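To keep things clear, I will list the structure first and then write my remarks on it.
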Amino acid sequence: MGAWKSLFAVSVLVALTMASCRKPAAPVPPGGAGVPPVTQTDQSAKHGQDAHAAPGVGAGFMPAPAAGQQMTLDLGGGVEMKLAFIPAGEFQMGSDSGSNDEKPVHKVRISKPFYMGLTEVTQRQYEAVMGSNPSYFKGADNPVEQVSWNDAVEFCKKLSAKTGKAVRLPTEAEWEYASRAGSKTAYCFGDSDSGLGEYAWYGNNSDSKTHPVGQKKPNAWGLFDMHGNVWEWCSDWYDEGYYGKSASDDPTGASSGSSRVLRGGSWLNSANFTRSATRPWLYPSVTLNSYGFRVVFAQ
Ligand SMILES: [Ca+2]
């Protein structure tokens, strides 16, 4: 186990200790900051030209949506979920300067466009679908946490039944592709973590708690909190050596395993854990107050 993996294990222990020792933070009132409005200008990705354009949709010559273009799912009870259009394309997955499981850097093609939640699933959204809220840090617009991978998958099944869309967790390839949003650097904005506080709630600025989603800067495809706030479950089984044998088109992870992949770091972690390429893992039944998720569905 590498040094950073040990750090991850320590961070998990810290989270468990905090979960068992600390009193919950003061609730954030419903209708708090929420997701700021996204303008037409914001909807056009600054780096969208790096990705291959998706084929046109619908009849005639209707162009594909621009990267980051939003659509809304109705969750019932007046609760909505906004998702951003993620175009098909290619990217270099992994990092040569990260831990062993991030190597080798390899070309991955995402062959089909998809929509991805603008934010982590909030407590308001989770409760609208599941009828419960297991979160430690209460707040309707804060990300839901203390959800296991199994819980997240169940949420996706119920939301699929409710909306008629095939809602699911992202693969880690889809997650990293969307987090990079055309960038080739450690973070969506560059290699230095000096600007991370503008994009992420993480160990240096979180005051040891989650924050309402969508308060920091989005990446070039309009996605918020890909770095930090809560870790995000991905669909893949974790395999440390997977990148050495991964399919180049739409990889879906190992065919079996004992742990599922998490991405993006959290309120608890140092900058290094919030990089686009970082890929920790944990058992699918584990719940922690730094673990949440966001959803996707294909066209
Ligand atoms: Ca996150």
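Going letter by letter, the sequence shown gives residues 1151 to 1449 in my numbering. Think of the CB as a built atom: it goes at the ideal place given N, C-alpha and C, for glycine as much as any other residue. Values in this document were obtained by computation on a predicted structure and should not be read as measured data.
(request) Counting only runs of 3+ residues fully inside the stretch 1222-1261, write out the beta strand (DSSP E) ranges in chain order. (result) Taken in chain order, the unbroken stretches of beta strand (DSSP E) that lie wholly in the stretch 1222-1261 and span 3 residues or more are 1229-1236, 1239-1243, 1256-1260.
(message) Is it the case that the stretch 1260-1275 contacts the stretch 1373-1381, given that we only count it when at least three CB pairs across the two stretches are under 8 Å?
(response) The stretch 1373-1381 vs the stretch 1260-1275: in contact.
(request) With a threshold of 7 Å, establish whether the CB of N1379 neighbours any heavy atom of ligand 1. (result) Result yes, Cβ under 7 Å from ligand 1.
(message) Can you look up Q1275 in the DSSP assignment and give me helix, strand or coil?
(response) Helix.
(message) DSSP three-state label for F1125, please.
(response) Since the displayed the chain opens at 1151 and closes at 1449, residue 1125 lies outside it and no answer follows.
(message) Can you determine whether any heavy atom of ligand 1 sits closer than 7 Å to the C-beta of G1372, and answer yes or no?
(response) Short note on G1372: C-beta not closer than 7 Å to any heavy atom of ligand 1.
(request) Could you work out which residue in W1381, G1347, V1445, E1382 is closest to Q1365 when comparing CA atoms only? (result) Just measuring C-alpha positions, the residue of W1381, G1347, V1445, E1382 sitting nearest Q1365 is G1347.
(message) Within a Cβ cutoff of 6 Å, which residues of the same chain sit near K1308, ignoring the five residues on either side of it in sequence?
(response) If we look at K1308 and ignore the five residues flanking it on each side, its Cβ neighbours are V1279.
(message) Please state the DSSP three-state secondary structure of R1429.
(response) Coil, per DSSP.
(request) Determine the contact status of E1295 and G1442, defining contact as a CB-CB distance below 8 Å. (result) With respect to the 8 Å criterion, E1295 and G1442 are classified as neighbours on the basis of their beta carbons.
(request) Measure the alpha-carbon distance for W1431 versus T1222 and round it to whole angstroms. (result) W1431 and T1222: Cα-Cα distance of roughly 30 Å.
(message) My assumption, with CB atoms under 8 Å, is that W1325 sits in contact with R1413. Please give the rounded CB distance.
(response) Yes, W1325 and R1413 are in contact; Cβ-Cβ is about 5 Å, under 8 Å.
(message) Based on DSSP bridge pairs, tell me the residues matched to M1280.
(response) Paired residues: none, contrary to the question.
(request) Check the C-beta distance from S1245 over to A1336 and give it rounded, since I have them as a contact under 8 Å. (result) With a Cβ gap of about 7 Å, S1245 and A1336 count as contacting.
(request) Determine the contact status of V1317 and V1445, defining contact as a CB-CB distance below 8 Å. (result) Cβ distance < 8 Å, so V1317 and V1445 count as in contact.
(request) Alpha carbon to alpha carbon, how far is T1313 from C1306? Give it in angstroms, no decimals. (result) Rounded to the nearest angstrom, the two C-alpha atoms are 10 Å apart.
(request) Go ahead and pull the three-state DSSP assignment for W1325. (result) Correct three-state label for W1325: helix.
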